[in-house]
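Here is the structure we will look at, set down as structure tokens.
Number of protein chains: 2
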Amino acid sequence: MDSGQNREGQGDIVFRREKLDQASAIMNELDLDLWLTFVRESETTKDPSLDVLVGANVTWQSAFMVTRQGRRVAIVGSLDKTRIERSGTFPEVRGYVGGISSELLSMLGELDPARIALNYSLDTELADGLTHGMYLLLQNILKGTPYGERFVSSERLVAALRGRKTPSEVDRIRRACQATVAIFGELTERLKVGLTEKQVAAIITERMESRGLEPAWEAIQCPAVFTGPGSAGAHAGPTDTPIESGHIMNVDFGVKVDGYCSDLQRTWYFRRKGEDKAPKEVQRGFDTIRDAVHKAADALRPGKMGWEIDAIARSHIVEAGYEEYPHALGHQVGRVAHDGRALLCPHWERYGDRGDQPIEEGQVYTIEPRLTVPGFGIATIEEIVWVRSDGVEFLSDPQMELIEVG
Amino acid sequence: MDSGQNREGQGDIVFRREKLDQASAIMNELDLDLWLTFVRESETTKDPSLDVLVGANVTWQSAFMVTRQGRRVAIVGSLDKTRIERSGTFPEVRGYVGGISSELLSMLGELDPARIALNYSLDTELADGLTHGMYLLLQNILKGTPYGERFVSSERLVAALRGRKTPSEVDRIRRACQATVAIFGELTERLKVGLTEKQVAAIITERMESRGLEPAWEAIQCPAVFTGPGSAGAHAGPTDTPIESGHIMNVDFGVKVDGYCSDLQRTWYFRRKGEDKAPKEVQRGFDTIRDAVHKAADALRPGKMGWEIDAIARSHIVEAGYEEYPHALGHQVGRVAHDGRALLCPHWERYGDRGDQPIEEGQVYTIEPRLTVPGFGIATIEEIVWVRSDGVEFLSDPQMELIEVG
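Protein chains in written order, with our numbering: chain A, 1 to 406; chain B, 1 to 406.
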């Protein structure tokens, strides 16, 4: 019961209500009458919007309804009623025993919404929490009513709601970034040749836990640690591979502070005997990455498209003679490490329309190019920036110099 | 990095391969050619089948394909490739950079499956991990091919795979049950009037952590503790309400052992001054629940339907003059606390067809009726039984007597 990550205080209720008021305002902007989140057994299959709406799980089929006027009604199984009432964001909670359809139909009849936002999206997983089976079930329930034909994707609503951070959301992310940078500093003091990737990860985890923080994504690869030319490079857990002289090591790590994530990367170099600085090719790789980050950050502002920002960093790296990175330049960060809809990404099939969303004030992005320095390892930097009206602000001190050890 | 729940050992790989061999055997039985799990950003929206297939997350659109012949092919974003290879259950892992469609189409063309099981289900959340957006995306990719019309729900496959437990799965659940019962025993020794629900929960959590175990469901309501006539009764976290003399208290709690859950409930009574035993109405409430559990267990065997077993316990309680419980009698248990498809449930809308699935040998069920003793609290017992060819075996010692304190 003392697991901090699950404990929701009064502050979180106030905070969630603020976001739900923002949701209704966005619904007016987008001409949406009702936002319907239709879920069940959310511990097993979680609609990510549930965390924004109530921060609690449900067992049976449940409907969370938010109107453009700000009314909030939840229909849940009777044994879940107390829990949802206690979560404090839905003033009207209706419990049922046999089945949800009669309460749901009566509520829809009362509200008679013309445009209903439902959580499905081809390219945005955070607006795609409705399962296909639940979609079919909903259509079964609505047979004979006009509502089954009034659905639109909630992706624009979810994109705006998760993207436009309130000051208190930015404050939480900033604190998460600053804690992460401080932990990187403490790690540097303890780094030496011979430590394995797992040992490096253990140092970071210990420093995180000493602050009472939890990892921003699954612990098995948060931190992720990659040392040397043979490492996996990304998206894998640390191994027993030891750091050797002449290795580039990079770490990808983030923490959660009051439910909000950081996600940062740093690059270290381990000097070989007789070296008083990193070899030229290592330094050039690092400098290329650093400059790509800052060129992209300088261009990032409201109204630009994500693909334009990605192209700046990508072409900087390719023009310097390196292979292009096999992923997007950056993603949004928030309650989850990969948040929001707009991405700083190329026009690749796998990103759908996400690179063509105009960047908005209040969004928070990572910038994280990478390149391989053959024979040494992978140079990466990941920074987090907050989009202001006239440019961006880094939420923690960026890495300007290669960190050299030994 | 030392978070035990996320660490997968060599044993888990062997174990998962066993389950995937079982999946191919079931596919032959059900005349299915391909099981296709189509997912993305699985840390955000997780298809529960992913845990059975690989036990690792993916970032971009990914396809996990299992054939009836036992071939297993994964198509994942290039940066996820190492991680999925290391997970050890998919011998063929193909990475892509731009988009998944060309690899996916070429693989489907090569396999040319006539019947493709896809993870969507109206009534079974564990077979309903495909989001509606991903379903639409898949149909877009398959336009112009015959495959989009060859989909069937994977619910029968998932039901059999999760339901028919291997001996090592049952062993894990048994160990989880035994640890839970031992913790209940340790709790009893420390119970006294005046402790709050939260303090009771803290004792249980401490005892769990001292064994290096984690809760079977979200920590905020595992354990769930309910004392006295005014308690929420179910599905809510513990409060600051103190135990008083004359209270019935019940606890709902489970742990995970090697990835498998227990889920048990016990009932205590706190004697009032001068009482040398529980009042008659409390004893009668407890006895009614206990007898309902054992009548249901005696009837539970392969070939019966869940609704028949539910009806036995339900009518026993109603005939004794109590209100019927507002939920199913029992659910399956496995990698998640609410597992499988077949349920011991009445014919209520919210349970769909789940009470009409024949019970199979090898399944593991809870039996958990409840009733209210007015003025005292809620009496509940939850036991876990394993279905054998000729009846059931309790996986831990059942509660036969009311536990009296004071």
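Every residue, glycine too, gets a C-beta built ideally from N, C-alpha and C.
Predicted model, so just to flag it, every value in this text is computed and none were measured.
Cα-Cα separation between Ile220 (chain A) and Asp80 (chain B), rounded to whole angstroms = 14 Å
Within-7 Å CB hit, Gln61 (chain B) to chain A = yes
7 Å Cβ cutoff, Ser121 (chain B) in contact with chain A | yes
Assign Asn6 (chain B) to one of three DSSP states: helix, strand, or coil.
-> Low confidence applies here, because Asn6 (chain B) scores a pLDDT of 36, under 50, leaving its location unreliable and the question unanswered by this model.
Beta-carbon proximity of Glu382 (chain B) to Gln265 (chain B), cut-off 7 Å = yes
Per DSSP, what kind of secondary structure is Gln332 (chain A) in: helix, strand or coil?
-> strand
7 Å Cβ shell around Val93 (chain A) - same chain, five flanking residues per side excluded | Correct list, in chain order: Ala74, Val76, Lys81, Ile84 and Glu85.
Report the residues of the segment 38-60 of chain A with a CB closer than 7 Å to any CB of chain B, ordered along the chain.
-> Arg40, Glu41, Glu43, Thr44, Thr45, Lys46, Pro48, Asn57, Thr59 and Trp60
Establish whether the CB of Asn6 (chain A) and some CB of chain B are separated by less than 7 Å.
-> Residue confidence for Asn6 (chain A) is low, a pLDDT of 36 falling below 50, so the modelled location carries little weight and cannot support an answer.
From Pro113 (chain B) to Thr196 (chain A), what does the alpha carbon distance come to, in whole angstroms?
-> 45 Å
Do Tyr126 (chain B) and Phe151 (chain B) have their C-beta atoms closer together than 7 Å?
-> The sequence shown places Leu at residue 126 (chain B), not Tyr. Cβ atoms of Leu126 (chain B) and Phe151 (chain B): not closer than 7 Å.
Boundaries of the beta strand (DSSP E) in which Asp252 (chain A) is found, first to last residue = Ile248 to Phe253
Name the two residues that bound the continuous beta strand (DSSP E) containing Gly185 (chain A).
-> Counting along the chain, Gly185 (chain A) falls outside any beta strand (DSSP E), though it belongs to the alpha helix (DSSP H) covering Pro167 to Arg190.
Classification of Gly11 (chain B) by the beta-carbon crowding that lies within 10 angstroms, buried from 16 upward = With a 10 Å radius around the Cβ and a threshold of 16 neighbouring Cβ atoms, Gly11 (chain B) comes out exposed.
Check Thr288 (chain A) in the structure and name its three-state DSSP category.
-> helix
Is the segment 28-35 of chain B touching the segment 301-313 of chain A, taking contact as three or more C-beta pairs under 8 Å?
-> No, the segment 28-35 of chain B does not touch the segment 301-313 of chain A.
With 7 Å set as the bound, which would you pick, yes or no: does the beta-carbon of Ser262 (chain B) sit closer than that to a beta-carbon of chain A?
-> no
For the segment 93-117 of chain B, enumerate the residues whose C-beta is nearer than 8 Å to any C-beta of chain A, in chain order.
-> Result list: Tyr96, Val97, Gly98, Gly99, Ile100 and Ser101.
Do Asp263 (chain B) and Val336 (chain B) have their C-beta atoms within less than 7 Å of each other?
-> no
Just the Cα atoms here: how many angstroms apart are Thr380 (chain A) and Thr267 (chain B)?
-> Near 56 Å, if we compare the C-alpha coordinates of Thr267 (chain B) and Thr380 (chain A).
Alpha-carbon to alpha-carbon, Phe226 (chain A) and Thr241 (chain A) = 9 Å
Simplified DSSP assignment, three categories, for Ser245 (chain A) = coil
Under 7 Å between C-beta atoms, does Leu138 (chain B) make it to chain A?
-> no
Glu125 (chain A): contacting residues in chain B (beta-carbon distance under 7 Å) | In chain order: Arg40, Glu41, Thr44 and Thr45.
Under 7 Å between C-beta atoms, does His235 (chain B) make it to chain A?
-> yes
Own chain partners of Ala56 (chain B) with C-beta closer than 7 Å, once the 5 adjacent residues on each side are dropped = Arg83, Ile84 and Ser87
Return the CA-CA distance between Leu108 (chain A) and Tyr147 (chain A), expressed in angstroms with no decimal places.
-> 8 Å
Can you tell me the Cα-Cα spacing of Gly95 (chain A) and Arg314 (chain B), whole angstroms?
-> Computed Cα separation, rounded: 21 Å.
Is the CB of Leu130 (chain A) under 7 Å away from at least one CB in chain B?
-> yes
Taking C-alpha atoms, which residue in A:Gly375, A:Leu300, A:Cys261 and A:Trp348 lies nearest to Cys177 (chain A)?
-> A:Cys261
Residues in the segment 388-405 of chain B with C-beta within 7 Å of chain A's C-beta atoms, listed in sequence order?
-> none
Just the C-alpha distance for Asp51 (chain A) and Thr89 (chain B), rounded to the nearest angstrom, thanks.
-> 32 Å
Is Thr131 (chain A) near Thr131 (chain B), with beta carbons less than 7 Å apart?
-> yes
Short CB-CB distance (under 7 Å) between Pro326 (chain B) and chain A = It does: the Cβ of Pro326 (chain B) has a partner Cβ on chain A nearer than 7 Å.
At a CB-CB cut-off below 7 Å, which residues of chain B make contact with Ser78 (chain A)?
-> Within chain B, the residues near Ser78 (chain A) are Pro326.
Measure from the C-beta of Ser3 (chain A) to each C-beta in chain B and report whether the shortest distance is under 7 Å.
-> Caution is warranted here: a pLDDT of 31 is assigned to Ser3 (chain A), below 50, making its placement in the model unreliable, and the coordinate value is therefore given only provisionally. Chain B, which has a Cβ nearer than 7 Å to the Cβ of Ser3 (chain A), makes this yes.
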